[in-house]
């Protein structure tokens, strides 16, 4: 029996070792990074960072890996480390740009703007990239006019590209503030489900209306047949959850629809501006 246990344990351990691929060189770690296996490459980059705290290239790979897996706070820590040890303004600018991107991904636009404004205008390339990121930040903050003005300052834009961009912004000003999240939540407060219908989600609106109505009906019946106390204890928590959930859902739905519109517009802008 003891031999069987040893045999099974050995097989398990060997399988576990095989499943945990070991990276033994920096080149292997970079290959895994380039293949999108960021989780696999991070431990190796961390080991190098421990022994070579001034290795900017390794720290950049580590920070980028954290950014890719959406561990944004860790990415920002390592970008900050690079910035503090870098002596070259170009490197510092590249780090600031990555930090700006990271804050945008976190939707922390105020922090992103602070970083973008710190980009040193040492050449036209950095001037253009600074204007680009300030434009994107302003766009997500609904400052459409400022966003357009920043974008039109980019030196590589042709006249035809500027016309397309102007059309995109005219469309954004008309469509990117609707559906209004405040209106959606207010409508759902007045009539459950109406906020979702306002957002164009008929099925969700009907579902919210039926659930809230059913809970309210049950509350009323129990109140009549038994007591108000029984209705409060037995049904009110469900009614409150469906009613409040419907209001929050309507607001979130409106915000997500606006966000999707903005993301699609930014994609179109990026198709025009391909060299940043």
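In our numbering, the protein residues as written are 3 to 278. All residues carry an ideal CB built from backbone N, CA and C; glycine is no exception.
Report the three-state DSSP secondary structure of residue 4 (helix, strand or coil). Confidence is the limiting factor: at residue 4 the pLDDT is only 49, short of 50, which leaves the residue's position unreliable and the question unanswerable from this model.
Around the C-beta of residue 227, are 16 or more other C-beta atoms found within 10 angstroms, so that it is buried, or is it exposed? Around the Cβ of residue 227, a 10 Å sphere holds fewer than 16 other Cβ atoms; the residue is exposed.
Could you name the residues of the same chain whose beta carbon sits closer than 7 Å to that of residue 56, not counting the 5 residues immediately before and after it, in chain order? If we look at residue 56 and ignore the five residues flanking it on each side, its Cβ neighbours are 87.
Does DSSP classify residue 36 as helix, strand or coil? In the structure shown, the three-state DSSP call for residue 36 is helix.
Quick test of your reading: residue 195 and residue 248, contact by CB under 8 Å. State the CB separation rounded to the nearest angstrom. Going by Cβ atoms, the distance from residue 195 to residue 248 rounds to 6 Å, so yes, they are a contact pair.
At a cut of 8 Å, does the stretch 132 to 147 reach the stretch 231 to 248 through at least three beta carbon pairs? Result no; under three Cβ-Cβ pairs closer than 8 Å.
Sort 219, 232, 39, 253 by Cα distance to residue 241 and report the nearest one. Here the closest residue by C-alpha is 219.
Classify residue 110 as helix, strand or coil using the three-state DSSP reduction. Collapsing the DSSP output to three states places residue 110 in coil.
Locate the alpha helix (DSSP H) running through residue 123, then write down its first and last residues. Counted as a single uninterrupted DSSP element, the stretch harbouring residue 123 is not any alpha helix (DSSP H), since DSSP gives it neither H nor E.
Within the continuous alpha helix (DSSP H) that includes residue 224, where are the two ends? Segment 204 to 227, the alpha helix (DSSP H) holding residue 224.
Leaving out five residues before and five after residue 264 in sequence, what residues of the same chain have Cβ atoms less than 8 Å from its Cβ? The beta carbon of residue 264 lies closer than 8 Å to those of 141, 142, 174, 178 in the same chain, with the five residues before and after it left out.
Go ahead and pull the three-state DSSP assignment for residue 276. Residue state, collapsed to three classes: coil.
At a cut of 8 Å, does the stretch 258 to 277 reach the stretch 111 to 119 through at least three beta carbon pairs? Short answer: they don't touch.
Distance, Cα to Cα, residue 271 vs residue 165? Residue 271 and residue 165: Cα-Cα distance of roughly 12 Å.
Note down the Cα distance separating residue 279 from residue 259, rounded to an integer number of angstroms. Here the chain has residues from 3 to 278 only, and residue 279 is not among them.
Which residue marks the beginning of the alpha helix (DSSP H) containing residue 233, and which one marks its end? Run containing residue 233: 230 to 236, per the alpha helix (DSSP H) assignment.
Within this structure, are the beta carbons of residue 61 and residue 25 separated by less than 8 Å? In this structure, residue 25 does not lie closer than 8 Å to residue 61 by Cβ.
Beta-carbon separation of residue 186 and residue 233 under 8 Å? No, the pair does not count as a contact, with Cβ atoms beyond the cut-off.
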